[in-house]
Structures are given as C-alpha cells and as structure tokens.
Amino acid sequence: HEVMHDGSKPYEGVLQTVEELKKSGKKMIILSNSSKRRENSEKMLVKLGFNPSDFDNIITSGDISHSLLQNNADSLGCSNWPVLTDLIQQNKKNVFVFGSGVEDELYVTSAGWTLTSIEEADLIVSRGTFTINDGTTVTSKNDDEMNYWKVMEESMVIGAQRKLPMLVTNPDKKRPDAGLPPMPGAIGDTYERFVWTHHCHPVGDMTEESARDYVKRIGKPFREVYDIALGNDDRSRAIMVGDALETDVVGGCAAGVDALWVVKDGIHGADVEEQQGGAESVLSSFNGMNYATYAYGKTITPRYLTDHFRW
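Using the numbering used here, you'd call the opening residue of the sequence shown number 18 and step up by one each time.
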C-alpha cells in the first residue's frame with residue numbers, strides 16, 4: 018500500500034503505473050496489513066483517486082482475522098488457527114481488545130465474541146494502539162497516555178501469567194508517520210516477551226521460540242495472505258512489490274516469489290536518503306539485526322530494486 022500512496026495522496030506516477038499494468042493484462046492484488054475490513058480499503062482507494070475494480074483482489078489482515086475469529090478462514094483459502102478452533106469448539110469466546118478506537122466492539126461481537134476483562138478473557142485481540150477495551154471500560158491513549166501505558170502493562174502481565182493467546186490483526190510495528198509511532202505488531206512482540214519471561218527458566222521451561230505459539234500475526238509477512246492471494250498459481254510468475262523490508266520483502270521471499278523493493282517511497286525512504294550507502298546500507302543494517310525481526314535470523318535479498326513504483 019505504501020508504494021502507492023502516503024495516506025493522503027498517490028505517489029507521483031503510480032496511477033499511470035496501475036493503468037499501464039491493467040492494460041498489459043497483469044493480475045494485481047493488494048495485500049494490506051490494515052486491521053480494518055476490505056470495504057474500508059476500497060473507500061480509501063477511491064478517496065485517493067484509484068479504481069478498486071482495477072485490482073483482482075484486495076486482501077486485508079482485518080478480513081482474514083475476522084474469519085479466523087469465526088473459524089472459517091478456510092473459505093478464504095488459508096488455514097484456521099488451531100488455538101482459536103479449540104476455543105470456539107469449547108464455546109470459550111471471551112475477548113479482551115487492544116483497539117484502534119474505531120468499531121473495536123463491533124469487530125469482535127460481529128464474529129461472535131464477547132468483550133470482557135483480562136481476568137476472564139480466553140483471547141486477546143491486538144488491532145490498534147489507541148484504546149484498551151474490556152467491554153465495560155475503554156481506556157484511551159488520547160485521554161490519558163500515562164494511564165493507557167499503565168493499563169496496557171498490567172493487562173499484558175495478567176495475560177502472560179494466564180498464557181492467553183493473542184491474535185494480532187496488523188503485524189506492522191511502526192506507522193510511517195513522524196516519529197514512527199508503534200503499531201499492533203509492536204504489541205505482539207512485547208506480549209510475546211512477557212509470555213516467555215513469565216514461563217522460562219527458572220520458573221518454567223518455555224523457550225523464546227515456543228513463546229511465538231501464543232501470538233498469531235495475520236498479514237505480511239505471514240503465509241495466510243500469500244496463500245489467499247496466490248492459491249495454486251505459479252509463484253515463479255508472481256512478484257511482491259513493497260516498501261517495507263520486514264513485511265513486504267521478508268514475506269515475498271518466504272512465500273517463494275520474487276520481491277521488488279521500492280526504496281525511496283514508504284517506510285525506509287528517509288533512511289535511504291540519509292545513509293551514505295543508500296539502499297544497500299539500509300538492507301545490510303536490516304540483515305545485521307534480522308534476529309529481532311520477522312525474518313527470524315534469515316538473510317533476505319530482494320530480487321529487484323527501484324526508487325519509485327513508476328512506469
């Protein structure tokens with residue numbers, strides 16, 4: 018998405034690029050890590066001057082996660098999460114939400130879940146970094162930021178002690194805005210560490226890797242979006258175009274498709290401009306600390322590189 022627009026307007030030349038690709042008969046699919054449903058992405062595209070019908074599919078993390086919450090993600094073309102399947106079959110459907118402040122309650126209740134306190138929850142959903150919702154009280158970061166972080170930490174400790182699973186409906190860790198504020202993926206990473214540190218040696222035998230089983234992230238770079246987008250298509254004839262190394266490029270490489278990294282628009286643009294070695298330096302830095310990213314220690318190499326997504 019960030020190769021196409023900056024949130025308020027399309028990048029230069031992108032509308033023409035989409036038009037030319039459409040004329041050339043290319044199949045185009047948008048993979049969005051948005052926690053919201055597809056309709057929201059379509060409205061945003063129209064507002065920015067795009068025609069949603071130019072795209073063969075628009076897949077959002079929010080849609081896939083909503084299907085997982087109903088245990089019917091297989092209808093979209095990906096696997097359900099066995100942890101959620103078990104909870105649903107046992108009718109354990111109480112949920113605690115780290116939310117965006119926009120329709121968080123509707124999102125979970127329309128999938129058949131009941132908002133509840135962290136003490137009574139069977140699941141945590143992380144879909145935003147602005148509110149905390151237990152069905153009775155909404156703690157807002159905008160109203161009292163100090164209290165918001167306090168409630169978040171307290172909730173994470175209780176959830177980790179109880180080994181509650183967490184569904185992250187947007188794996189992005191930083192928003193490409195001034196200061197790179199945190200996104201739901203950052204909550205997932207923090208919670209995973211809380212689970213591990215509460216149950217590792219000497220109090221238990223949990224490993225850092227096994228703590229990952231308690232956090233399910235939906236969206237790029239994880240396989241569900243690619244399974245839906247690519248189905249049984251020949252992956253050697255597909256290309257992943259994206260700006261973010263940790264989600265777009267890592268995801269494309271893991272899915273077995275070539276990746277085209279757009280370096281001057283999107284999340285790495287400022288670093289590419291500032292660092293002496295440009296894109297090469299940014300990529301090298303990323304691979305140097307890849308153990309702390311979704312690459313999980315694997316070195317990634319995009320097949321292609323371009324400054325902008327232009328014809």
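Idealized CB from N, CA, C, for every residue including glycine.
task = Might you give, ordered along the chain, the residues of its own chain that have their beta carbon closer than 8 angstroms to the beta carbon of Tyr-313, omitting 5 neighbours on each side?
result = Reading the sequence shown from its first residue, position 296 is the one you call residue 313. Answer for Tyr-313: Asn-307, listed in chain order.
Anticipated Cβ contact below 8 angstroms, Gly-273 with Arg-252, distance rounded = Taking the first residue of the sequence shown as position 1, residue 273 is located at position 256. Taking the first residue of the sequence shown as position 1, residue 252 is located at position 235. About 5 angstroms; that satisfies the 8 angstroms criterion.
request  = Compare the beta carbon distance of Gly-205 and Val-232 with 7 angstroms and say whether it is the shorter of the two.
outcome  = Residue numbering aside, residue 205 sits at position 188 when the sequence shown is read from its first letter. Residue numbering aside, residue 232 sits at position 215 when the sequence shown is read from its first letter. Contact flag set, yes.
request  = Within 10 angstroms of the Cβ of His-218, are there 16 or more other Cβ atoms? Answer buried if so, exposed if not.
outcome  = Within the sequence shown, residue 218 is the residue found at index 201, counting from 1. That one is exposed.
task = For the stretch 69-82 and the stretch 178-188, state whether three or more C-beta atom pairs, one from each stretch, are separated by less than 8 angstroms.
result = yes
query = If you draw a straight line from the C-alpha of Thr-131 to the C-alpha of His-22, how long is it?
reply = Counting from one through the sequence shown, the residue named residue 131 turns up at place 114. Counting from one through the sequence shown, the residue named residue 22 turns up at place 5. Each residue's alpha carbon lies about 36 angstroms from the other.
ask   = When the Cα of Phe-147 is compared with those of Tyr-165, His-216, Ile-105, Thr-224, which residue comes out closest?
value = Mapped onto the sequence shown, residue 147 falls at position 130. Minimum Cα distance to Phe-147 is reached at Tyr-165.
query = In terms of DSSP beta bridges, what is Pro-319 paired with?
reply = Within the sequence shown, residue 319 is the residue found at index 302, counting from 1. Paired residue(s): none; Pro-319 is not in a bridge.
task = Hey, could you find the ends of the beta strand (DSSP E) Val-279 is sitting in?
result = In the sequence shown, counting from the first residue as 1, residue 279 sits at position 262. Unbroken beta strand (DSSP E) run through Val-279: 275-279.
request  = Confirm, please, whether the CB-CB distance from Glu-226 to Trp-213 is below 7 angstroms.
outcome  = Looking up residue 213 in the sequence shown gives position 196. Looking up residue 226 in the sequence shown gives position 209. Going by C-beta atoms, Trp-213 is not nearer than 7 angstroms to Glu-226.
ask   = Roughly how many angstroms separate the alpha carbons of Glu-29 and Arg-327, rounded to a whole number?
value = Residue numbering aside, residue 29 sits at position 12 when the sequence shown is read from its first letter. Residue numbering aside, residue 327 sits at position 310 when the sequence shown is read from its first letter. Roughly 8 angstroms separates the two Cα atoms.
request  = Assess, as a yes-or-no matter, whether the stretch 88-95 is touched by the stretch 132-143 under the definition of 3 or more beta carbon pairs within less than 8 angstroms.
outcome  = no
ask   = Just checking, does the stretch 72-79 make contact with the stretch 44-55 on the three C-beta pairs under 8 angstroms criterion?
value = yes
message = Report the CB separation of Asn-97 from Asn-88 in whole angstroms; it is logged as a contact under 8 angstroms.
response = Reading the sequence shown from its first residue, position 80 is the one you call residue 97. Reading the sequence shown from its first residue, position 71 is the one you call residue 88. Correct: roughly 5 angstroms between the Cβ atoms.
request  = Following the continuous beta strand (DSSP E) through Met-257, name the residue where it begins and the one where it ends.
outcome  = The residue given as residue 257 occupies position 240 in the sequence shown. 256-259 is the span of the beta strand (DSSP E), which, as asked, contains Met-257.
query = Buried or exposed: which applies to Met-9, given that a residue is buried once 16 or more other Cβ atoms fall within 10 Å of its Cβ?
reply = Examination of residue 9 is not possible in this model, given that the chain is present from 18 through 328 alone.
request  = Would you check if the stretch 274-288 and the stretch 154-163 touch, i.e. whether three or more CB-CB distances between them fall below 8 angstroms?
outcome  = no
query = Quick one: what's Met-183 bridged to in DSSP?
reply = Your numbering for residue 183 matches position 166 in the sequence shown. Its beta-bridge partners are Ile-141, Val-232.
query = Using the beta-carbon count (16 or more within 10 Å), is Thr-154 buried or exposed?
reply = Reading the sequence shown from its first residue, position 137 is the one you call residue 154. Flag for Thr-154 reads exposed.
ask   = In angstroms, rounded to a whole number, what distance separates the CA positions of Asn-111 and Leu-65?
value = Here residue 111 corresponds to residue number 94 of the sequence shown, with the count starting at 1. Here residue 65 corresponds to residue number 48 of the sequence shown, with the count starting at 1. Going by the C-alpha atoms only, they are around 38 angstroms apart.
request  = Just grab the DSSP bridge partners of Ser-49 for me.
outcome  = If you number the sequence shown from 1, residue 49 lands on position 32. Its beta-bridge partners are Thr-77.
ask   = Would you report the Cα separation of Gln-33 and Arg-55, rounded to the nearest angstrom?
value = Here residue 33 refers to the residue found at position 16 when the sequence shown is read from its first residue. Here residue 55 refers to the residue found at position 38 when the sequence shown is read from its first residue. Those two C-alpha atoms are separated by around 23 angstroms.
Which of helix, strand or coil DSSP assigns to Gly-248 = In the sequence shown, residue 248 corresponds to position 231, counting from 1. The answer is coil: DSSP assigns Gly-248 none of H, G, I, E or B.
key: Nearest-angstrom beta carbon gap, Leu-277 and Pro-238 [assumed within contact, 8 angstroms]   = On the sequence shown, position 221 is the one that residue 238 refers to. On the sequence shown, position 260 is the one that residue 277 refers to. Contact doesn't hold; Cβ gap of about 15 angstroms is too wide.
Pairwise C-alpha distance: Asn-68 and Lys-39 = Mapped onto the sequence shown, residue 39 falls at position 22. Mapped onto the sequence shown, residue 68 falls at position 51. Each residue's alpha carbon lies about 11 angstroms from the other.
ask   = Using the beta-carbon count (16 or more within 10 Å), is Thr-77 buried or exposed?
value = The count along the sequence shown starts at 1 and reaches residue 77 at position 60. Answer is buried; the Cβ neighbour count reaches 16.
message = According to DSSP, Val-114 sits in a beta bridge with which residue or residues?
response = Numbered from its first residue, the sequence shown carries residue 114 at position 97. According to DSSP, which records beta bridges pairwise, Val-114 is partnered with Val-142, Asn-150.
request  = Out of Leu-322, Ala-203, Arg-229, point me to the one whose CA is closest to Asp-260's CA.
outcome  = Residue 260 sits at position 243 when you count from the first residue of the sequence shown. Measuring from the Cα of Asp-260, the nearest candidate turns out to be Leu-322.
message = Using the three-state DSSP reduction, which class does His-215 fall into: helix, strand or coil?
response = Within the sequence shown, residue 215 is the residue found at index 198, counting from 1. Residue state, collapsed to three classes: helix.
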